[in-house]
Amino acid sequence: MNEITGFQRDLLYVIAGLGSPKGMAIQEELESYYGSTVLHARVYQNLDTLVDDGFVEKGEQDARTNYYTLTEDGHRAIEARREWEEQYVDEIELPV
Numbered sequence: 001m002n003e004i005t006g007f008q009r010d011l012l013y014v015i016a017g018l019g020s021p022k023g024m025a026i027q028e029e030l031e032s033y034y035g036s037t038v039l040h041a042r043v044y045q046n047l048d049t050l051v052d053d054g055f056v057e058k059g060e061q062d063a064r065t066n067y068y069t070l071t072e073d074g075h076r077a078i079e080a081r082r083e084w085e086e087q088y089v090d091e092i093e094l095p096v
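All residue numbers for the sequence shown refer to the numbering used here, where the first residue is 1 and numbers rise by one.
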């Protein structure tokens, strides 16, 4: 499986959480999470990479609007990351 960046992983999480979002909805969600502007070009270049690498499918809603959905590889990438994180997070004792 191809390596993905942290930003690309965040894109996968947002797509999974929103269902079949448009690019602008993805950008807005990331800006809300990061608390700062996320450049349009950064979002769409990384979405195109995820499409090319088989993690995301791009569909056409109308002549100007695309939507994005996860492929099986996209779902597997999220699941693999969650399993990896659980190895470490489960052992963390949070202060009371």
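Where is the CB? At the ideal position from N, CA and C, for every residue including glycine.
Can you tell me the Cα-Cα spacing of residue i and residue j, whole angstroms?
i          : j          : result
residue 16 : residue 30 : 13 Å
residue 48 : residue 35 : 24 Å
residue 86 : residue 80 : 10 Å
residue 18 : residue 68 : 10 Å
residue 44 : residue 50 : 10 Å
residue 38 : residue 6  : 14 Å
Give me the Cβ distance between residue i and residue j, rounded to the nearest whole Å; I'm assuming they're in contact under 8 Å.
i          : j          : result
residue 22 : residue 71 : Not really, about 18 Å apart at Cβ, beyond 8 Å.
residue 40 : residue 27 : 7 Å
Given residue i, which residues of its chain have a CB within under 8 Å of its CB, disregarding the five upstream and five downstream residues?
i          : result
residue 77 : 1, 4, 9, 12, 55
Count the other CB atoms within 10 Å of the CB of residue i; is the residue buried (16 or more) or exposed (fewer)?
i          : result
residue 89 : exposed
residue 33 : exposed
Quick one: give me the first and last residue of the alpha helix (DSSP H) that residue i is part of.
i          : result
residue 70 : Unbroken run through residue 70 is the beta strand (DSSP E), 66-70; no alpha helix (DSSP H).
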